[in-house]
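If you want this note's numbering, it's the position in the sequence shown, counting the first as 1, plus 13.
C-beta: ideal position from N, C-alpha, C; glycine also.
In this text the structure is predicted, and so the values were computed from the model without any measurement.
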Amino acid sequence: MDEDCIKELNLNKTLIETISNELIIPEDNTALNSFLSCTWKNEGTLNENDEINWDKVEKTFATSLQQELQELPTLDAIIAGGATASAIKLCKEDGIRGTTPGQTIAKIQNCIIKRVFK
14 MDEDCIKELN LNKTLIETIS NELIIPEDNT ALNSFLSCTW KNEGTLNEND EINWDKVEKT
74 FATSLQQELQ ELPTLDAIIA GGATASAIKL CKEDGIRGTT PGQTIAKIQN CIIKRVFK
């Protein structure tokens, strides 16, 4: 959880944590979209021109996935990693756009999750 963004944007931490823990996140929540935009900028996943750094998206999701899948046998973890990489590629090809950078991020995250768990 990016505490700096929560403080900078004066957001309700509990609300952001609750929403962020959902598998599919709301795409029209202004507070969450602002938080996502701030967080992705801090991570370098969203550049100063509000363009997505897809290489960084893949690395970030891969790191998160590795942490989540530590309990799985190696083969299952490898399969899940391949599914995630494939989902990211397909979502990039979809050219997903929202009305704000934060909404674009929410839509991308949802796209990846939906494709991984299809």
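{"Item": "Status (buried if at least 16 other CB within 10 Å, exposed otherwise) for threonine 58", "Value": "buried"}
{"Item": "C-beta atoms of cysteine 18 and threonine 73 nearer than 8 Å", "Value": "no"}
{"Item": "Cβ pair aspartate 15, asparagine 62 closer than 8 Å", "Value": "no"}
{"Item": "Residue nearest to glutamate 106 in terms of C-alpha spacing, selected from Glu21, Ile121, Thr113", "Value": "Ile121"}
{"Item": "Chain-order list of residues whose beta-carbon lies under 6 Å from that of alanine 44 (same chain, five-residue window excluded)", "Value": "Leu24"}
{"Item": "Cβ neighbours of cysteine 104 in the same chain (closer than 7 Å, five flanking residues each side left out)", "Value": "Ile121, Cys124, Ile125, Arg128"}
{"Item": "Glutamate 71 and alanine 98 closer than 8 Å at C-beta", "Value": "yes"}
{"Item": "Status (buried if at least 16 other CB within 10 Å, exposed otherwise) for leucine 88", "Value": "Its pLDDT being 48, under 50, leucine 88 is placed unreliably by the model, and the measurement read from it follows with that caveat. With fewer than 16 Cβ atoms within 10 Å of its Cβ, leucine 88 is classed as exposed."}
{"Item": "Three-state secondary structure assigned by DSSP to leucine 59", "Value": "strand"}
{"Item": "Nonlocal neighbours in the same chain, by C-beta distance under 6 Å from threonine 117, ignoring five residues either side", "Value": "Arg110, Gly111"}
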